[in-house]
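Following: one structure in structure tokens, then a few remarks.
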Amino acid sequence: MGLQSCIGGTTLQTLKLASIPTLSSSRLVSRPVQLKALTLDFFLLSPHGRSRRSPFPLLARALSAPAIAFQTETPPEEKVVKPQWKAAIDFKWIRENKEAIAVNIRNRNSNANLEAVIELYDKMSNLQKEVERLRGERNAVANKMKGKLEPSERQRLIEEGKNLKEGLVALEEDLLKLTDELQQEAQCIPNMTHPDVPIGGEDCSVTRKKVGSPPQFSFQIKDHLQLGKELDLFEFDAAAEVSGSKFYYLKNEAVMLEMGLINWTLSEVMKKGFIPLTTPEIVRSSVVEKCGFQPRGANTQVYSIVGSDQCLIGTAEIPVGGIHMDSILAESLLPLKYAAFSHCFRTEAGAAGAATRGLYRVHQFSKVEMFVLCRPEESDLYHEELIKIEEDLFSSLGLHFKTLDMASGDLGAPAYRKFDVEAWMPGLERFGEISSASNCTDYQSRRLGIRYRPSEPSSASPKKGKANLAPPRFVHTLNATACAVPRMIVCLLENYQQEDGSVTIPEPLRPFMGGLEIIAPKSR
Amino acid sequence: MKGKLEPSERQRLIEEGKNLKEGLVALEEDLLKLTDELQQEAQCIPNMTHPDVPIGGEDCSVTRKKVGSPPQFSFQIKDHLQLGKELDLFEFDAAAEVSGSKFYYLKNEAVMLEMGLINWTLSEVMKKGFIPLTTPEIVRSSVVEKCGFQPRGANTQVYSIVGSDQCLIGTAEIPVGGIHMDSILAESLLPLKYAAFSHCFRTEAGAAGAATRGLYRVHQFSKVEMFVLCRPEESDLYHEELIKIEEDLFSSLGLHFKTLDMASGDLGAPAYRKFDVEAWMPGLERFGEISSASNCTDYQSRRLGIRYRPSEPSSASPKKGKANLAPPRFVHTLNATACAVPRMIVCLLENYQQEDGSVTIPEPLRPFMGGLEIIAPKSR
């Protein structure tokens, strides 16, 4: 079976990642478990508060405090520090569109200070003109000194030159500080918003699509924690001792379920032309920032490594975004579609409330993430494609879910538009987010420095060379969850439970789980 | 002082009691300090050594077994880095920018190879009664220490997390060892055999030299680790079982390798005996370690507090109760690498390369890679 890669536009052919063959003689040993009394805590959706339902609060949090590109946290006196990196902000465009930007900032409840940005920009422009003027004068003086001069005249010019130079040095310092301050403020400005995005808080999000219906049970159902306990699928208590709360071991068929979900998902998205990847899970914090997250903010979602500038990734979006950092891609490479499998680590700091039981909110999980780099004109199209792929995946698994167009107040700073998928979780008796698809337009690419060279049709002049090359433009980036394993496990266990306590495996996953059709209670 | 006493006698006794108490407090403090010091020193004592272990440095390790032979190539062969580059399987440069050196992305068929290796390995060891597990990759540093590693030593292999006592695991041996910490297991549960799949993180501080190119030495990799808890009398037996499983796995993949009985100077503190498997890597032109199987006897269990309750045969007296319960004993623990993905990828690419630059997939892996038989150069 021949394979062609996705580089250059050809697609990988369908590959079915087969699986663990049927277990004929495996002895599944279970450890005696003490069943504690379980109380089902219900997370009540509060229509007015900002609930912490989202497994991807990174973006929401980036909204409330600006993404800081600078090494130290900004103390109350607004001290400006030398930046490690700079977003390629179009200041002129901001100035020209300030009304629209102001409305956008309001709609998103952002802290960005547009007035400060405009003010700093104007100041900076004036200062720049002044600096140029002084430079001109200094050059003029230098030129004059080349000729033949009276000693007194020469002396006078030397003095003048010296004064100009000192003045220039001072102004240039000011200019530098001003530029850094401008950059810092401007980077807080969130992305613009798609015109169809509903304006308002979380409760304004609009349901785009509803698929399936809640399964009807003729018996008392259990939540995934109880099912997992009875089927010997998880270890939470031991994990709490070894690692802390919100950690877990998967055991027995749950391991096969995780492997099956990952393999099936990768296989499905590869058919659609996505290049499979595994990624580093330790990255430099600057890359985290460039993607629009805040590694060192208060209540950060990001784990940092002692003695280095490195962090653990919360999503493969980060290392994949970084692959083409500071590059200019050939237009023929676009769209570049990656499907990245990685483990993800999140501190879940500030995640209060009862929706933290079991697998719903954990510090570490496996995820397959889709990431697209494309031409600006096509990002809306690929956003639709990504959500369609997600909807197809979840439909195949027989889940009941709804797709939401998230409201402006619920978008993270990088997202131009965001679709969330919430699946019905019978044990939790509510919908829970299982996936998120964002169009970040050029927000990330301006920070990561990812551009492409448009290939202009050749003009009348046949002359080769730079004159015929169009200037590089920023790509648009999009990211979408193909499979977040723990939440999928919650869905599958709760929706497919049987009266006898077993769980049926949805058809598409069976070939990826050695043909396993059912997770049955084990005899002791 | 409970009885009836003359006031002067009482006073004398009160004085005496006070002196005794003060003396006692001082001595008890000393005792505590001494106990801690003793504990600290004693914990440095390495495990005992199996009598058959060769005594000496690394070069004294003895080859137990040799399987297969180096493949003969009729063309100029490439190393895994070059093969990976030409087949578009890795990204090292981008990873160096994003994360640092010794990080990498796997792409295209290399991803399928990783998934295939993991799935096949898990499937094989499950057939042998191993319970599959995935584990936390962040653990408390105390657990790391109890397994015999030093999270905070100089040149530590362990990454630590800012603002907590947590670290990243370098091997699933650690979180699996921790599962039954401070427990007494029923004897009927033993042997307990786990096969744990996890990502592993290692600083590789102090790892000098040229053997750090490409996938050979990296900071992050996937691994399936076997971990056994058993009765002391059986650990030698399970050590042999573990190395046999490893040898069978690597033989199935058609690798040429040798198994070494590691010399005393090359054993880590926890290991009573250690077998390493080194596979032939044609691109590196030498053998490279792909797996390690250690019998840690009770070194780890004494630190992790893992014991079992032997079920004694009932004695003449039919009386029930504690008198008939044997005191708990420490289990023995063993660990062995079933599959360390990057080194396996090095082996497979370098051994199975073809003249046209493609790489054949060994038969057992094909069903786990969608039937893929060959990784071929891509047309551009």
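These protein sequence lines map, in sequence, to chains A and B.
Going by this note's numbering, the letters in the first sequence line up with residues 1 to 524, in that order.
Going by this note's numbering, the letters in the second sequence line up with residues 1001 to 1380, in that order.
Here a beta-carbon is modelled for each residue, glycine too, at the ideal position from N, C-alpha and C.
No experiment lies behind these values; they were computed from the predicted model shown.
From the beta-carbon of B/F1103, the residues of chain A found nearer than 8 Å are P280 and I282. The beta carbons of B/V1228 and B/L1334 sit about 4 Å from each other, so the pair counts as a contact at 8 Å.
Within the same chain, Cβ atoms closer than 6 Å to the Cβ of A/T477 are found at L373, C440, Q444 and S445, the five residues on either side in sequence being excluded.
For A/Y452, the enclosing beta strand (DSSP E) has its first and last residue at I450 to R453.
Only E235, A238, A239, E241, V242, S243 and G244 from the region 216-244 of chain A bring a Cβ to less than 8 Å from some Cβ of chain B. In the DSSP annotation of this structure, B/I1169 is not part of any beta strand (DSSP E), being labelled neither H nor E. In the DSSP assignment, A/V372 falls within the unbroken beta strand (DSSP E) covering Q364 to C374. Counting along the chain, B/A1042 sits inside no beta strand (DSSP E); it lies in the alpha helix (DSSP H) bounded by residues P1007 to A1042. Taking a Cβ-Cβ threshold of 8 Å, the residues of chain B close to A/Q364 are P1136, E1137 and I1138, in chain order.
The C-beta of B/I1045 has fewer than 16 other C-beta atoms within 10 Å across all chains shown, which makes the residue exposed. The contact set of A/V287 on chain B, defined by CB atoms closer than 9 Å, consists of E1097, V1098 and S1099 in chain order. With respect to chain B, the C-beta atom of A/M325 has a partner C-beta closer than 9 Å. Around the beta carbon of A/S285, 16 or more other beta carbons sit within 10 angstroms, so the residue counts as buried.
One Cα belongs to A/S327, the other to A/G212, and the distance between them is close to 44 Å. DSSP places A/Y382 within a helical segment (H, G or I) once states are collapsed to three.
The beta carbon of B/P1070 sits closer than 6 Å to those of H1256 and W1280, all from its chain and outside the five residues before and after it, given in chain order.
The count of Cβ pairs closer than 8 Å, one atom from the region 308-324 of chain A and one from the region 337-353 of chain A, reaches three, so the stretches are in contact. DSSP places A/P319 in the uninterrupted alpha helix (DSSP H) bounded by E317 to I323. Identification of chain B residues near A/I275 by a Cβ-Cβ cut-off of 8 Å yields K1107 and N1108, ordered along the chain. With a beta-carbon spacing of about 6 Å, A/N495 and A/P215 fall inside the 8 Å limit used to define contacts. The straight-line gap separating the alpha-carbon atoms of B/K1128 and B/K1244 is approximately 11 Å.
From the beta-carbon of B/V1162, the residues of chain A found nearer than 8 Å are Y303, S304, I305 and V306. In the structure shown, A/E235 adopts extended strand secondary structure according to DSSP, grouped into three states. Assignment of A/G432 by DSSP, reduced to helix, strand and coil, places it in the strand class. Using a 10 angstroms sphere on the CB of A/K246, the tally of other CB atoms reaches 16 or more, which defines it as buried. Contact note: B/V1228 does not reach chain A at a C-beta cutoff of 8 Å; the least C-beta distance is about 12 Å.
Between B/S1142 and B/A1172, the C-beta gap is not smaller than 9 Å, which leaves the two residues out of contact. In chain order, E185 place their CB closer than 6 Å to the CB of A/A116, counting only its own chain and leaving out the 5 sequence neighbours on each side.
Within the region 159-229 of chain A, the complete beta strand (DSSP E) runs of at least 3 residues fall at 206-211. In this structure, DSSP gives A/I387 a helical state, which the three-state scheme calls helix. By alpha-carbon distance to B/L1253, the top candidate from B/D1276, B/R1140 and B/W1120 is B/W1120. Pairwise C-beta distances place the region 1222-1239 of chain B in contact with the region 1182-1199 of chain B, as three or more of them are shorter than 8 Å. Listed in chain order, the positions of the region 1344-1357 of chain B with a beta carbon within less than 9 Å of a beta carbon of chain A would be empty, since no residue qualifies. Cα atoms of B/V1218 and A/K177: separation of roughly 41 Å, rounded to the nearest angstrom.
At least 9 Å separates the CB of B/M1281 from every CB of chain A. Using a 10 angstroms sphere on the CB of A/L469, the tally of other CB atoms stays under 16, which defines it as exposed.
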